[in-house]
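Keeping their order, the protein sequence lines are chains F and D. Our numbering applies: residue 3 is where the first sequence begins, and numbers increase by one. Our numbering applies: residue 130 is where the second sequence begins, and numbers increase by one.
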Amino acid sequence: MTTDAANKPSGLTALANPTRFLALVRIVLPYLVVSTVLLLSIGLWMGFSVPDDYQQGRTVRIMFVHVPSVWMAMGAYMVMVSGALGVLVWRHPLADVAARSAAPIGAAFTFLGLATGSIWGRPMWGTWWVWDARLTSFLVLLIIYLGLIALWNAVEEPAKSARMAAVVVLVGALNIPIIRFSVEWFTTLHQGPSVMRAGGPSLAPHFLYPLLVMGLAFLLLFFTLHLMAMRNEILRRQIRTAQRKAARGHRNPVARETSK
Amino acid sequence: MSALFGAKYFGFILSAFGITAAVLLALTIWIVLVHKSRLRQLDALEKAGIKRASRPNG
Numbered sequence: 003m004t005t006d007a008a009n010k011p012s013g014l015t016a017l018a019n020p021t022r023f024l025a026l027v028r029i030v031l032p033y034l035v036v037s038t039v040l041l042l043s044i045g046l047w048m049g050f051s052v053p054d055d056y057q058q059g060r061t062v063r064i065m066f067v068h069v070p071s072v073w074m075a076m077g078a079y080m081v082m083v084s085g086a087l088g089v090l091v092w093r094h095p096l097a098d099v100a101a102r103s104a105a106p107i108g109a110a111f112t113f114l115g116l117a118t119g120s121i122w123g124r125p126m127w128g129t130w131w132v133w134d135a136r137l138t139s140f141l142v143l144l145i146i147y148l149g150l151i152a153l154w155n156a157v158e159e160p161a162k163s164a165r166m167a168a169v170v171v172l173v174g175a176l177n178i179p180i181i182r183f184s185v186e187w188f189t190t191l192h193q194g195p196s197v198m199r200a201g202g203p204s205l206a207p208h209f210l211y212p213l214l215v216m217g218l219a220f221l222l223l224f225f226t227l228h229l230m231a232m233r234n235e236i237l238r239r240q241i242r243t244a245q246r247k248a249a250r251g252h253r254n255p256v257a258r259e260t261s262k
Numbered sequence: 130m131s132a133l134f135g136a137k138y139f140g141f142i143l144s145a146f147g148i149t150a151a152v153l154l155a156l157t158i159w160i161v162l163v164h165k166s167r168l169r170q171l172d173a174l175e176k177a178g179i180k181r182a183s184r185p186n187g
């Protein structure tokens, strides 16, 4: 088994090479952008075509941006958890890149979950905000995201910041089941689960299908933005390496001459 | 959809969709601008004679 094919890296190992990863992004990105725009258009059209809900009236349409934002906020965190495991267990070169790039996107979706939930809560609950378990644990998620972004930016050494952030990501992951089950464990103003629940979704099909299409559109949007952000992070690291190389060359002109 | 305009709570529906569109658009534009800025920085470094270990095509 000494052929080129046998020596050729495959799967995740192949993607450890930044050049190969960037080439893959270049191929995949146009398809992702087109699919995202298409699904978002279909989802929005379906969402605005639904009849009014018998209890919530027209405001039920807010669900089509609120729920997918919440799903993506938690989904992005799970991407960071797999990145953290990749850093600490497998030491995959792109694991920290994936985790770090997901943080601002996850923070944006978390903010949207809180903002759209608050806008929906005012007409339905009569209040913008209440310190119940679901809302509070979701606010904690936003704080964790912001803390991690600050940590990644504060520690200059990439390997050190990757390890520190990975530990914080894994500790912060405890908040994900708390968010998920808060509406079952505690008495909350927020309603219980209506899509991912034992016994199947409680939503009527004419609300469920547009919601699933919007969920899929947001998922594709997340993948698109995440790949673009990962590409930026790889370039940032290449710039940093090049700048260090330049700085070493300036400090040691003899070494620079001999290395040519 | 036209029945939504002027309907009760229309402002809340518009705000929710508006803030979602604004945040996601701003995030996308920010990522695109960062990409362009990084490519410019790398080009400047290469013009200054600093070669990269691996040259991306993206």
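Beta carbons are placed, not taken as given, at the ideal position from N, Cα and C, and that holds for glycine. Owing to the predicted nature of the structure, the values given are computational and were not obtained by experimental measurement.
| Item | Value |
| --- | --- |
| Step through the CB atoms of chain F and report whether any lies within less than 9 angstroms of the CB of residue 180 (chain D). | yes |
| May I ask which residues mark the beginning and end of the alpha helix (DSSP H) holding residue 297 (chain F)? | Not covered by the structure: residue 297 (chain F). The range shown for chain F is 3 to 262. |
| Decide yes or no for the touch test of the region 68-76 of chain F against the region 217-237 of chain F: beta carbon pairs closer than 8 angstroms, at least 3 of them. | yes |
| Let me check understanding here. Comparing Cα to Cα, which of F:83, F:187, F:125 and F:96 lies closest to residue 137 (chain D)? | F:125 |
| Using C-beta distances below 7 angstroms, list every residue in its chain close to residue 127 (chain F), excluding the 5 sequence neighbours before and after it, in chain order. | 191 |
| Scan the region 153-180 of chain F for residues whose Cβ lies nearer than 7 angstroms to a Cβ of chain D and list them as they occur along the chain. | none |
| State the DSSP-derived secondary structure class of residue 54 (chain F), mapped to helix, strand or coil. | coil |
| In or out: residue 56 (chain F) buried (at least 16 other Cβ within 10 Å) or exposed? | exposed |
| Classify residue 47 (chain F): buried if its beta carbon has 16 or more other beta carbons within 10 angstroms, exposed otherwise. | exposed |
| Just tell me which of F:179, F:144, F:160 and F:119 has its CA closest to the CA of residue 193 (chain F). | F:119 |
| Looking at C-alpha atoms only, which residue of F:198, F:144 and F:101 is the closest neighbour of residue 231 (chain F)? | F:101 |
| Which residue's Cα is closest to the Cα of residue 151 (chain F): F:200, F:97 and F:104? | F:104 |
| Could you give the C-beta distance for residue 107 (chain F) and residue 78 (chain F), rounded to a whole number, given that I count them as a contact under 8 angstroms? | 6 angstroms |
| Just by C-beta distance, which residues in the region 34-50 of chain F are closer than 7 angstroms to chain D? | 50 |
| At a Cβ cut of 8 angstroms, what residues of the region 102-128 of chain F count as close to chain D, listed as they run along the chain? | 106, 107, 110, 113, 114, 117, 118, 121, 122, 124 and 125 |
| Can you grab the Cα-Cα spacing for the pair residue 112 (chain F) / residue 224 (chain F), in whole Å? | 13 angstroms |
| How would you call residue 60 (chain F), buried or exposed, if buried means at least 16 neighbouring beta carbons within 10 angstroms? | buried |
| Looking at chain D, which residues of the region 201-218 of chain F have a Cβ within less than 8 angstroms of any of its Cβ atoms? | none |
| Where does residue 92 (chain F) land, buried or exposed, given buried means 16+ other C-beta within 10 angstroms? | exposed |
| Where residue 146 (chain F) and residue 241 (chain F) are concerned, what is the direct C-alpha to C-alpha distance, given to the nearest angstrom? | 28 angstroms |
| List, in chain order, every chain D residue whose beta-carbon is nearer than 7 angstroms to that of residue 94 (chain F). | In chain order: nothing, as chain D lies at least about 17 angstroms away. |
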